[in-house]
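What follows is a set of notes on a single structure, which appears directly below.
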Amino acid sequence: MAGYRKLGRTSNQRKAMIRGQVTSLLYNGKIVTTEARAKEVKKVAEGLIALAVKEKDNYETVTVKAKVARKDADGKNVKEVVNGKKVTVYDEVEKEIQKDKASRLHARRQMMKVLYGVTEVPSTNAGKKKGTKSVDMPKKLFDEIAPKYVNRNGGYTRIVKIGLRKGDNAMEVLLELV
1157 MAGYRKLGRT
1167 SNQRKAMIRG
1177 QVTSLLYNGK
1187 IVTTEARAKE
1197 VKKVAEGLIA
1207 LAVKEKDNYE
1217 TVTVKAKVAR
1227 KDADGKNVKE
1237 VVNGKKVTVY
1247 DEVEKEIQKD
1257 KASRLHARRQ
1267 MMKVLYGVTE
1277 VPSTNAGKKK
1287 GTKSVDMPKK
1297 LFDEIAPKYV
1307 NRNGGYTRIV
1317 KIGLRKGDNA
1327 MEVLLELV
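Per the working numbering, the sequence shown runs over residues 1157 to 1334.
What follows is the structure, encoded as structure tokens:
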């Protein structure tokens, strides 16, 4: 007997579907899907959340010096003429960054193998590229989702049965983060 459900799809289609649903679940907090799909998605999602909880605080804060372009009032780079060429003016700034330790970096890469990239589009500019921003899903897992489940030993998701789907009579469920 197989250790997973095939869901009537080839392996690459099945993996892509599960990756998409796991990403949606972690981004939105809940999804509506069939019962068989939900059980497969739950396995993957709970593994990722457990990994995030384990590696949540495994980083060090480092101060680095960085060159940042000087901006004018309009937000454009300030240019200066040097040897007949226009050159951007840079200021040196000290920043504090979080540097992942080896095990957290590995966990981040394991998450990136499963999760798709998410682009957040503001409702005012719907359909336009301006104002969109990319969401770092591993960062969201570490910073927002993992702290909620620190004192919990598994069982990060819940399946609630909704009823039968009208078209094909499949059992629909709500899969949500607890």
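In this text, a Cβ means the ideal position worked out from N, Cα and C, and glycines have one as well. None of these values were measured; they are calculated from a predicted model.
Assigned exposure category for residue i - 16 Cβ within 10 Å defines buried
i, result
"Ala1158", "exposed"
"Thr1166", "exposed"
"Glu1196", "buried"
"Met1267", "buried"
"Thr1288", "exposed"
"Thr1189", "buried"
Beta-carbon gap between residue i and residue j smaller than 9 Å
i, j, result
"Ser1290", "Gly1273", "yes"
"Gln1254", "Glu1202", "no"
"Arg1193", "Gln1177", "yes"
"Met1293", "Leu1163", "no"
"Lys1227", "Glu1236", "no"
"Glu1191", "Ala1326", "yes"
Integer Cβ distance of residue i from residue j, believed to fall under 8 Å
i, j, result
"Ala1225", "Asn1233", "5 Å"
"Ile1187", "Ser1180", "5 Å"
"Tyr1305", "Val1209", "5 Å"
"Ile1315", "Leu1331", "6 Å"
Start and end residues, beta strand (DSSP E) containing residue i
i, result
"Ser1180", "Looking at the DSSP string, Ser1180 is not in any beta strand (DSSP E); the run it does join, the alpha helix (DSSP H), is 1167–1184."
"Ile1315", "1313–1320"
"Ile1253", "1246–1256"
"Glu1276", "1274–1276"
Identified DSSP bridge partners for residue i
i, result
"Asn1233", "Lys1227"
"Val1334", "In DSSP, Val1334 forms no bridge with anything."
"Met1293", "Met1293 pairs with nothing; no bridge assigned."
"Thr1189", "Val1329"
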